[in-house]
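K.L.:
Going down the list, the protein sequences come from chains L and P. Be aware that the first sequence starts at 1, since it is given in this note's numbering, and climbs by one per residue. Be aware that the second sequence starts at 1001, since it is given in this note's numbering, and climbs by one per residue. Even glycine gets a Cβ: it sits at the ideal position worked out from N, Cα and C. Mind having a look at this structure? Questions to follow.
2 protein chains.
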Amino acid sequence: MAYSNAAFAAIADPTRRQVLERLSARPMAVGEIAAGMPVSRPAVSQHLKVLKEAGLVSDRQDGTRRIYAIDPKGLGAMRAWLDQFWDGALLALKAEIEREADPANGKDEDQ
Amino acid sequence: MAYSNAAFAAIADPTRRQVLERLSARPMAVGEIAAGMPVSRPAVSQHLKVLKEAGLVSDRQDGTRRIYAIDPKGLGAMRAWLDQFWDGALLALKAEIEREADPANGKDEDQ
DNA sequence: CAGATATGTAAGTGCTAGCTTACGGTAAGT
DNA sequence: ACTTACCGTAAGCTAGCACTTACATATCTG
């Protein structure tokens, strides 16, 4: 399973998640994003760089402005990992519960 | 949308993701987890503490050992956030594409 | 061309994460 | 009771993150 380490590290930061949430509404310019945020504009710029390198956003030049938008590819990889992990965990958990619920199996047999 | 900040911070670390992957197979003791990992056992212990506080794992005493297992609750919250974010982003992206594809709307009208 | 607008980037700083070693505590075995 | 096994935690260190201010760059406008 090939997933991006950078993507998980990127969404770990609350400020970056806030940026992503704002971009999920519609593509926006840097200054527009930074307007309603508690950090400075350069900080947002640096966050956008991280998000871009993680494949979570894409950018496009528009005059003096630079429009950022969500890039579905990076998100897809993360969802894939979470889904697979989720399914595996649930399966293992179900098996464990069934094993413990059935006395014939001997839940402490090898201990 | 109420999601856990700690959960996102927890899965940001590759070592912790490795711990989760091992636990997704079956519940395991601390030493068993640390056996096939590149870091020391105390390090794994600290990671497990973080994962537990994030609601991603649960623990149970068994003699001198401590068995850790996946806790579906914390994962569910993360998946919910990702799913909602994913859907919103795709919708916005689709709307944006349709807007740009339709010349009648004037894609640069307010600039 | 001069000025304003919009953004990226360099430099510097405070803080925290993740790691190691060392130690303490608890449960099982002889 | 003594020893062994298993684990959590404290102390200390290093590296990197997130932030700020200051500066450089590029585009549009009058």
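Counting only C-beta atoms, is L:D59 closer than 9 angstroms to chain P at any point?
P.N.:
So, not an interface residue.
K.L.:
Would you grab the beta carbon distance between P:V1057 and P:A1069 for me? Rounded to a whole angstrom, and I think it's under 8 angstroms.
P.N.:
Indeed, because the Cβ distance is near 6 angstroms, the residues count as touching under 8 angstroms.
K.L.:
Could you tell me the distance, in whole angstroms, from the CA atom of L:W86 to the CA atom of L:I11?
P.N.:
Their backbone Cα atoms lie some 18 angstroms apart in a straight line.
K.L.:
Which whole-angstrom value is the C-beta distance of P:A962 and L:L75, which I expect to be below 8 angstroms?
P.N.:
Any answer about residue 962 of chain P is impossible in this case: the structure gives chain P only from 1001 up to 1111.
K.L.:
Could you compute how far the alpha carbon of L:E113 sits from the alpha carbon of L:E21?
P.N.:
With chain L covering only 1 through 111, there is no way to say anything about residue 113 of chain L.
K.L.:
Report the three-state DSSP secondary structure of P:A1035 (helix, strand or coil).
P.N.:
If DSSP states are grouped into helix, strand and coil, P:A1035 belongs with the helices.
K.L.:
Taking 9 angstroms as the CB-CB cut-off, is L:Q111 touching chain P?
P.N.:
With a pLDDT of 31 at L:Q111, under the threshold of 50, the modelled position of this residue cannot be trusted; read the value that follows with caution. Judged by the 9 angstroms Cβ criterion, L:Q111 is in contact with chain P.
K.L.:
In chain L, which residues lie with their C-beta within 9 angstroms of the C-beta of P:I1097?
P.N.:
Chain L residues near P:I1097: none, gap ~10 angstroms exceeds 9 angstroms.
K.L.:
Confirm, please, whether the CB-CB distance from L:R65 to L:V30 is below 9 angstroms.
P.N.:
Yes. Within cutoff.
K.L.:
Residues of chain L with CB closer than 7 angstroms to the CB of P:P1014, please, in chain order.
P.N.:
The answer, in chain order, is N5.
K.L.:
Could you tell me the alpha carbon to alpha carbon distance between L:Y96 and P:R1026, rounded to whole angstroms?
P.N.:
Checking the sequence, you will find Glu at residue 96 of chain L rather than Tyr. Roughly 8 angstroms between the two C-alpha positions.
K.L.:
Take L:D71 as the anchor and find which of L:A6, L:W81, L:G55 and L:A43 has the nearest alpha-carbon.
P.N.:
Nearest option by C-alpha distance: L:G55.
K.L.:
Work out the CA separation of L:L23 and L:S45 for me, nearest whole Å.
P.N.:
Distance between the alpha carbons of L:S45 and L:L23: 14 angstroms.
K.L.:
To the nearest angstrom, how far is the alpha carbon of L:A43 from that of L:T15?
P.N.:
Going from the Cα of L:A43 to the Cα of L:T15 covers about 10 angstroms.
K.L.:
In chain L, what lies closer than 8 angstroms to P:R1022 by C-beta?
P.N.:
Those do not exist, as P:R1022 stays about 11 angstroms from chain L at its closest Cβ, beyond 8 angstroms.
K.L.:
Given P:M1028, which residues of its chain have a CB within under 6 angstroms of its CB, disregarding the five upstream and five downstream residues?
P.N.:
Once the five neighbours on either side are set aside, P:M1028 has no close Cβ partner at all.
K.L.:
Excluding the 5 residues flanking P:S1004 on each side, which residues of the same chain have their C-beta closer than 7 angstroms to its C-beta?
P.N.:
A1054, G1055, G1074 and A1077.
K.L.:
The alpha helix (DSSP H) that contains P:I1011, what's its start and end?
P.N.:
Where P:I1011 is concerned, the enclosing alpha helix (DSSP H) stretches over N1005 to I1011.
K.L.:
Kindly indicate which three-state DSSP category L:L20 falls into: helix, strand or coil?
P.N.:
Note: L:L20 maps to helix in three-state DSSP.
K.L.:
Excluding sequence positions up to five away, which residues of its chain have a Cβ less than 7 angstroms from the Cβ of L:A9?
P.N.:
The answer is none, since no qualifying residue turns up.
K.L.:
Could you please give me the residues that DSSP links to L:Q61 through a beta bridge?
P.N.:
According to DSSP, which records beta bridges pairwise, L:Q61 is partnered with L:R66.
K.L.:
Going by DSSP, what residue range makes up the alpha helix (DSSP H) through L:L51?
P.N.:
Looking at the DSSP string, the run of the alpha helix (DSSP H) that includes L:L51 is R41 to E53.
K.L.:
For P:L1048, count neighbouring Cβ atoms within 10 angstroms of its own Cβ and tell me buried if that reaches 16, exposed if not.
P.N.:
It is buried - the Cβ of P:L1048 has at least 16 other Cβ atoms within 10 Å.
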